[in-house]
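**Q** The structure's right below; bear with me while I get my questions together.
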Amino acid sequence: MKLIWKLLRRHLSVGQLVGFFFANLLGMLIVLLSLQFYEDILPAFTGDDGVMKNTYIIVSKQISAVTTMRGEAQTFTEADIRDFESQRFTKQVGAFTASQYQVYGSLSMGGMGIGTNMFFESVPDEFVDNKWPTAREGEVPIILPRSYLALYNFGFAQSQSLPKLSEGVVSMIQMDVRLRGEGGREVNLKGRVVAFSTRLNTVLVPLSFMQRMNQELAPNASSAPTRLIVEVKNPTDDAIAAYIQDHGYELENDTLDAGRATYFLKVVAGIVMAVGLLISALSFYILMLSIYLLVQKNADKLQNLLLIGYSPARVSRPYQLLTIGLNALVLLLSFMLLFWIRSLYLERLWEMFPTLSEGSVTMTILIGFALFVFVSFLNIVVIRRKINRLTPRFKRLKGGLYRTINGK
Amino acid sequence: MNTITLHHTLPRVFRGRTDIQSDIWQQEVTFERGHLYLIEAVSGTGKSSLCSYLVGYRGDYEGTMCFDGRNIRELCTYDWTTLRQRSLSTMFQELRVFPELTAWENVLVKNQLTRFKTEAEIAAYFETLGIAEKRETRLGHLSYGQQQRVALIRALCQPFDFLLADEPVSHLDAENTRIMGELMMAEAQRQGAGIIITSIGHHMDLPYEKVFKL
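First to last, the sequence lines map onto chains A and B. Under my numbering, the first residue of the first sequence is numbered 2, with each subsequent residue one higher. Under my numbering, the first residue of the second sequence is numbered 15, with each subsequent residue one higher.
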């Protein structure tokens, strides 16, 4: 093998191979990077936020000057809900239940206290992704909108020189909650923040707790829901937007926009990946042309080897190993570059989407290997075919004649 | 392989010619294993073509050539590779050696494939042919006669039923011609093989059983 290599490495063009190497590296890197970036960024658009699935939309009735002046009800009737349920894009509909009593929440930290009037709302338990933890006696679990915390941290705390709070810290702080209902009846509780939601713009408590307290503190009040939470089959479905517009409803979250953004992300990632594949294909041609040239220049030596008894397979092997080695090196280096670049953009990404879960790299690695295997296989076949052509083969024609297929 | 037969073969370039007077072309010819043949030719009678056909390097002829009755046009790549490794050893007129390798490496290229001779046996050949001190010299720096001797050693480093030697001694002096003849005969006898030698004048003085005029 060493001697064969000594013979066949003659006329090897280092320049061409380096050209191939970098072209292929660039192509491979673009393909893998676009794939990985897509994997990593997709959850930012479509992912669950831990509380609410991405297939949930929140619908309310439009509030405008006209409706306010007319005193029209902004609540949903039974008929509205049934109609929504009967739409083909709907999976299930749940109503928001609002508290019928006053809620006062206060926090005290290191001698300082902040308190505010607030409200509670509930949705059916099946719409809450991570199920409510079982509450201790005298304690109520609460899910807060993430924007509230941001509002405090970047708006309030900043200007009042108060400490900024992380989600973890907030979860550890107990809130004093005072509920005041009809006839001045009061209930004092401890509130504990168990989760934050990006999508749900309300202070959420368990439905069972809500029903019990409404019963206890406001037994005579009853109210129709002002907001609905709807699980849809496909949030990008145009029919949803049309239905909502026709009925004068409003969407509260950005699920539908996310659907469109996802679509564009797919298109852009697809285009970038196609460019990467194109570069890879072109670099493959460079390599093949280079090897063709090499085989042509070394044709005499190759022929001599074949004529003294070497098989085409054995003579092809040095060139095949060379290409496989180059491909493997390209793969390895593009993986390394990929992970390096990924660590750079993940940092930025986490700044923008702190809750973003890290996408998987398995797919990218698998695709990288698949590309490597595919390209190497093509290399092997093409080199072998080229070398097979160095000796003549015949094809038997009718009448016992033979036709030369290749060679002399 | 026991027989090589030629049935009315003729190089395609000679097609249509009526003046061909040959013991080989357009004849029924049989070479048998274990026998010694000489094909004498003058320039331009198709001697190199004949050798090229027999090693499967060219196929531009009419008629049929058979190894053990099998038309050699039907042999596949694998068949040819096996034949060239085990049954048919060739000393090419144009040598087909590798000038960038040393004399020793040129022989090793073949012997590594067949693993037929020991290093000691190869060294003994170098000694006998008087090129022992040229072992590590790049072949391109040797004279044509010396290269011919290396090519012979290489041809002997494999099992064969036939040894096809195309003008093996064209550049050798009388003494080396004699030594080469002896080495070839000894190896062929050891293996029970046949030898087909071509020549355009100067040839080895061996007990040929049949001489063909091409």
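The C-beta atom is built at its ideal place from N, Cα and C for all residues, glycine as well. Small disclaimer: the values here were computed from a predicted structure and weren't measured.
Which residues of chain A have a Cβ atom closer than 7 angstroms to the Cβ of Arg127(B), listed in chain order?
**A** One detail in the question is off: residue 127(B) reads as Leu in this sequence, not Arg. Gly310, Tyr311, listed in chain order.
**Q** Beta-carbon separation of Phe130(B) and Gln161(B) under 8 angstroms?
**A** Cβ atoms of Phe130(B) and Gln161(B): not closer than 8 angstroms.
**Q** Bridge partners for His3(B) per DSSP, in chain order?
**A** No statement about residue 3(B) is possible, as the shown extent of chain B runs from 15 to 228 and does not include it.
**Q** Check distances from the C-beta atoms of the stretch 207-225 of chain B to those of chain A and list, in chain order, the residues that come in under 8 angstroms.
**A** From the stretch 207-225 of chain B, no residue has a Cβ closer than 8 angstroms to chain A.
**Q** Return the residues of the stretch 283-312 of chain A that lie within a Cβ-Cβ distance of less than 7 angstroms from chain B, sorted by chain order.
**A** Here the close residues are Lys302, Asn305, Leu308, Ile309, Gly310, Tyr311, Ser312.
**Q** Is there a C-beta anywhere in chain A that falls below 8 angstroms from the one on Glu114(B)?
**A** True, the Cβ-Cβ gap to chain A drops below 8 angstroms.
**Q** At a CB-CB cut-off below 8 angstroms, which residues of chain A make contact with Thr91(B)?
**A** Within 8 angstroms Cβ-Cβ: Ser312, Pro313, Asn389, Thr392, Arg394.
**Q** Between Phe370(A) and Ser335(A), what straight-line distance do the alpha-carbon atoms span, to the nearest angstrom?
**A** Whole-angstrom Cα-Cα distance: 11 angstroms.
**Q** Quickly, what does DSSP pair Asp180(B) with across the bridge? List them, please.
**A** Bridge partners of Asp180(B): Thr212(B).
**Q** Mind checking whether Ala24(A) and Ile384(A) have CB atoms under 8 angstroms apart?
**A** No; because the gap between Cβ atoms is not below 8 angstroms, this pair is not in contact.
**Q** Is Asn202(A) near the ligand MN, with its Cβ less than 7 angstroms from a heavy atom?
**A** Ligands in the displayed structure: none, and consequently the ligand MN is not present.
**Q** Does the Cβ of Pro220(A) have 16 or more other Cβ atoms within 10 Å, making it buried, or fewer, making it exposed?
**A** Exposed, since its Cβ has fewer than 16 Cβ neighbours within 10 Å.
**Q** Using beta-carbon positions only, say whether Pro313(A) and Asn389(A) come within less than 8 angstroms of one another.
**A** In this structure, Asn389(A) lies closer than 8 angstroms to Pro313(A) by Cβ.
**Q** So, does the stretch 177-185 of chain A touch the stretch 92-110 of chain A, judging by three or more C-beta pairs under 8 angstroms?
**A** Yes: the two stretches touch, three or more of their Cβ pairs being nearer than 8 angstroms.
**Q** For Arg11(A), would you say it is in contact with chain B, using Cβ-to-Cβ distances shorter than 8 angstroms as the test?
**A** Arg11(A) counts as touching chain B.
**Q** Just verifying my parser: in three-state terms, what is the DSSP assignment at Gln160(B)?
**A** Gln160(B) falls in the helix class under three-state DSSP.
**Q** For chain A, check one thing: does any of its Cβ atoms lie closer than 8 angstroms to the Cβ of Lys124(B)?
**A** At least one chain A Cβ lies under 8 angstroms of Lys124(B).
**Q** Can you tell me which of the three DSSP states Thr116(B) falls into?
**A** Strand.
**Q** Skipping 5 residues on each side, what residues in its chain have a beta carbon closer than 6 angstroms to that of Gln321(A)?
**A** Once the five neighbours on either side are set aside, the close Cβ partners of Gln321(A) are Ile381, Ile384.
**Q** Distance check for Tyr153(A) and Glu79(A), CA to CA, integer angstroms please.
**A** Near 38 angstroms, if we compare the C-alpha coordinates of Tyr153(A) and Glu79(A).
**Q** Straight-line CA distance for Arg193(A) to Arg137(A)?
**A** The straight-line gap from Cα to Cα measures roughly 10 angstroms.
**Q** Considering only C-alpha positions, which residue in the set Ile86(B), Lys224(B), Gly48(B), Leu153(B) is nearest to Ala117(B)?
**A** The shortest Cα separation from Ala117(B) among Ile86(B), Lys224(B), Gly48(B), Leu153(B) belongs to Leu153(B).
**Q** Could you work out which residues of chain A lie near Val27(B), taking near to mean beta carbons separated by less than 9 angstroms?
**A** Correct list: empty, because the minimum Cβ distance to chain A is about 12 angstroms.
**Q** Pick from Glu251(A), Ser14(A), Asp126(A): whose alpha carbon is nearest that of Val296(A)?
**A** Ranking Glu251(A), Ser14(A), Asp126(A) by Cα distance to Val296(A) puts Ser14(A) first.
**Q** Check whether chain B comes within 8 angstroms of Lys267(A), counting only Cβ atoms and requiring the distance to be less than that.
**A** Closer than 8 angstroms: no.
**Q** Strictly by DSSP, which residues pair up with Ile53(B)?
**A** Thr212(B), Phe226(B), per the DSSP bridge assignment.
**Q** How about the stretch 6-22 of chain A and the stretch 294-308 of chain A: do they share at least three Cβ pairs that are nearer than 8 angstroms?
**A** A contact exists between the stretch 6-22 of chain A and the stretch 294-308 of chain A.
**Q** Inspect the CB distances between the stretch 85-101 of chain A and the stretch 225-245 of chain A and report whether three or more fall short of 8 angstroms.
**A** Cβ pair count under 8 angstroms is three or more, so yes.
**Q** Could you give the uninterrupted runs of the beta strand (DSSP E) lying entirely in the stretch 147-184 of chain A, keeping only those of 3 residues or more?
**A** You should have 175-181.
**Q** Where DSSP assigns a beta bridge to Met119(A), which residues make up the other side?
**A** Met119(A) pairs with Val104(A).
**Q** Going along the stretch 54-75 of chain B in order, which residues come within less than 9 angstroms of chain A, judged by CB to CB distance?
**A** Listed by position, the residues of the stretch 54-75 of chain B near chain A (Cβ gap below 9 angstroms) are Ser66, Val69, Gly70, Tyr71, Arg72, Gly73, Asp74.
**Q** With distance defined between alpha-carbon atoms, name the residue in Ala165(B), Thr95(B), Gly77(B), Glu46(B) nearest to Leu115(B).
**A** Answer by Cα proximity: Ala165(B).
**Q** Name, going along the chain, the residues of the stretch 140-165 of chain B whose beta-carbon falls closer than 7 angstroms to a beta-carbon of chain A.
**A** Going along the stretch 140-165 of chain B in chain order, one finds no residue with a Cβ nearer than 7 angstroms to chain A.
**Q** Assuming Ile230(A) is part of the beta strand (DSSP E), what are its boundary residues?
**A** Taken as a continuous stretch (DSSP letters only), the beta strand (DSSP E) holding Ile230(A) covers 228-233.
**Q** Taking the alpha-carbon of Val374(A) as reference, which of Arg386(A), Met353(A), Thr324(A) has the nearest alpha-carbon?
**A** That would be Thr324(A), whose Cα lies nearest to the Cα of Val374(A).
**Q** With a Cβ-Cβ cutoff of 8 angstroms, do Val121(B) and Arg168(B) count as a contact?
**A** Contact flag set, yes.
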